[in-house]
Amino acid sequence: MKLYSTRNINEISTPKDAIIKGLTNDGGLYCPKIEDIMANSFDIKDLLKNDYKTTAKQVFKTFFDDFTDIEIDDCINSAYNNENFDVTKSSIDNFANIKTSNLNITPISKIGNNYLMELYHGPTSAFKDVALTILPHFLTTAYKSKNENKKVYILTATSGDTGKAALSGFKDVENTSITVFYPTDGVSNIQKLQMQTSEGNNVSVIAIKGNFDDCQRLVKEIYVDESIKKICIENNVVLSSANSINIGRLVPQIVYYIQTYIDLVNSNEIKLNEKINFIVPTGNFGDILAGYLAKLLGTPIDKLICASNDNKVLTDFINTGKYNKNRELIKTISPSMDILISSNLERLLFLLSDNDDKLINQLMSSLSNSGEYTISENLLNKVKEHFVAYYATEDECRKGIKQAFENDKRLIDTHTSVAYCCLKKHLIGFNEYVSHDVCGNVKINKNDALDEKYVILSTASPYKFTRDVLKCITNENIDNLGDFECIDKLYKLTNEPIPKNLLALKDKKVRFSTVFSYDECKEYVVNNIKNNI
Ligand SMILES: *Cc1c(COP(=O)(O)O)cnc(C)c1O
């Protein structure tokens, strides 16, 4: 499948090259044309016997058609195995009515009348593991077939979870080096400790004095900088990215939407071809965009519900058509969603505008010049055909955790709670934009909404955000407890299994504690390239 720059459809790449490069030369993102995706759509009834790996293979063969069958099998088997994904001890034991297909690394369970897609059973306990356990294998496979002798230097911006998942995935991978940038005050303690204690001879971690948007801008700026490009060539280095701007990150996330549908049909929870809805806690718009791609491929999906925290740029955009990042970034207890520039929205607009690269160019330069853009009513209606958006305040998010625990007997993390709250809003027909009559045509019919099935994407283990989660469900003062004491206490209160990787952190040494300014980060990267990293 050919991949095009969203900002210039004359810049075309093979999947392998796009995975190696990450970002296009002009700062756009690699994306297939919408008609090419739809030409590969399937009939879901032909997939009902699929287990997770079979579905994964089908999706990868569709998008990455320059990989051989054997290459794809090798990548899948190296990534999606019992060593990386610990689903045996998952809470699904309590919800045995849902039959999870063989080797499903993202099992589904019930939460009240709805479903939870458990995406956090990977090596770093967040959904990013699904893509970041396999991306290094795609990348090295692609690289081998090029027969070049360059070093691949992976620069990664993180709002907390991508960083550790990428560090773990690329640890000691031949011919690669990775540097992760995280906002120094913008991640949870456990997330920070996970990154600072990373092992491997080819990894480094830098805290940046700034927020996630600064981290992302840094990576993108380095990437398009002509003088740095030259230094790379002189030193035999190619830059790449492990962020969801890399198409190799995005495509693996399509698989679990399809597999969830298959599992729900096979467990008689839904009828074949019945449309279902997914609620996705959203930051950079990667996860939810993968849901849209699953829909384009033929998965019977009605709405993709975009759930934001107080940083509700996307809620505003989907309801009004105006994207406006000119606002203060608010620090929340769901830090992986504290983002004002959602990169993957660029891909959605490219697809929905029938690959209109000129339009995307206009919108994106408006975003970088004035911090905002507005799309046409026609394009907005297309967005609304597939997406609904809500946000949850901090207070609502905290109450959501308590409610889910007390009413539904489920322990959810702060990000999942944002989605949980947004589903509630959807079901009661709450929409501040509708009630303010900004755009009357998205009114939700309460009864219709209640008849349909809803799947919440649960994106992280509650133990990654232990202190905040614990605070929500206990009335005791826990300010004096250390992070690991919080973990113990949360376990005693809930019996929710603690992921092994988080327990192991206790005995690990901090290796990386550097804090740099934006400019120092750039300098650091350039020096690394000059020293062949
Ligand atoms: C990254 C992340 C999100 C947001 O996903 P996007 O693909 O950036 O929209 C939500 N929850 C958690 C726990 C995350 O790590």
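Residue numbering for the sequence shown follows numbering that gives the first Met the number 0, beginning at 0 and increasing consecutively.
Cβ atoms here follow ideal geometry from the backbone N, Cα and C, with glycine treated the same way.
Would you report the Cα separation of residue i and residue j, rounded to the nearest angstrom?
i      : j      : result
Arg510 : Ala241 : 21 Å
Ile275 : Lys98  : 17 Å
Glu220 : Asp212 : 12 Å
Phe62  : Pro31  : 8 Å
Asn272 : Pro299 : 6 Å
Lys52  : Leu102 : 7 Å
Pro122 : Thr392 : 30 Å
Tyr523 : Ala165 : 19 Å
Lys270 : Asp45  : 14 Å
Cys520 : Lys208 : 10 Å
Tyr432 : Met363 : For Tyr432, the predicted model reports a pLDDT of 47, less than 50, meaning its position is unreliable and no value from the coordinates is stated.
Gly26  : Lys463 : 33 Å
Thr413 : Lys15  : 36 Å
Thr558 : Pro135 : Coverage of the chain is limited to positions 0 through 532, which leaves residue 558 absent and any answer about it impossible.
Val129 : Ser460 : 14 Å
Tyr517 : Glu395 : 34 Å
Glu451 : Ile374 : 30 Å
Leu489 : Leu469 : 6 Å
Gly297 : Ile257 : 9 Å
Asn406 : Glu327 : 35 Å
Asn83  : Lys505 : 20 Å
Lys324 : Ile227 : 28 Å
Leu501 : Lys357 : 46 Å
Lys330 : Ser176 : 30 Å
Gly199 : Lys507 : 13 Å
Glu147 : Met116 : 40 Å
Val86  : Tyr372 : 43 Å
Ala418 : Gly285 : 15 Å
Asn188 : Arg466 : 9 Å
Glu384 : Val172 : 42 Å
Ser4   : Ile11  : 7 Å
Gly428 : Lys321 : 22 Å
Leu303 : Ile278 : 6 Å
Would you say residue i and residue j are within 9 Å of each other, going by their C-beta atoms?
i      : j      : result
Asn210 : Gly185 : yes
Ile205 : Thr513 : yes
Phe386 : Ile497 : no
Asp73  : Thr140 : yes
Lys229 : Ser197 : no
Ser203 : Thr178 : yes
Ile455 : Asn113 : yes
Thr493 : Ile472 : yes
Arg397 : Ser369 : no
Ile340 : Leu238 : no
Ile244 : Leu2   : no
Phe349 : Leu28  : yes
Asp353 : Ile33  : yes
Ala156 : Gln195 : no
Ala55  : Val254 : yes
Val58  : Val250 : yes
Asn283 : Ile359 : no
From the DSSP secondary-structure annotation, give me the bridge partner or partners of residue i.
i      : result
Thr373 : Lys321
Ile11  : Tyr3
Glu117 : Ser457
Cys305 : Val279, Ala388
Phe211 : Partner(s): none; Phe211 has no beta bridge.
Phe126 : In the DSSP output, where bridge partners are listed per residue, Phe126 has none listed.
Lys109 : Tyr114
Leu22  : Leu28
Leu238 : Tyr152
Ile300 : Ile275
Val312 : DSSP, once it has assigned bridges, lists no residue as partnering Val312.
Val514 : Ala206
Would you mind sorting residue i into buried or exposed? The rule is 16 or more other CB atoms within 10 Å of its CB.
i      : result
Asp309 : buried
Gln252 : buried
Thr67  : exposed
Asn530 : exposed
Lys163 : buried
Met336 : buried
Ser367 : exposed
Ser167 : buried
Glu376 : exposed
Gln402 : buried
Met0   : buried
Gln190 : buried
Hey, is residue i's beta-carbon within less than 9 Å of any beta-carbon in chain D?
i      : result
Lys470 : Although the question refers to chain D, the structure presented lacks it and comprises just one protein chain.
Exercise. Only counting runs of 4 or more residues, tell me where the alpha helix (DSSP H) segments fall wholly within the segment 24 to 89, in order along the chain.
Key: Listed in chain order, they are 33 to 37, 51 to 62, 68 to 78.
Quiz item: Which parts of the segment 444 to 507 are runs of the alpha helix (DSSP H), unbroken and 4 residues or longer, counting only runs that do not cross its ends?
Solution: Counting only runs of 4 or more, we get 445 to 450, 465 to 472, 482 to 493, 499 to 503.
Quiz prompt | Within the segment 151 to 211, ranges of the beta strand (DSSP E) (whole runs, at least 3 residues) | solution = The DSSP assignment places 175 to 182, 202 to 207 as complete runs of the beta strand (DSSP E) inside the segment 151 to 211, in order along the chain (cut-off: 3 residues).
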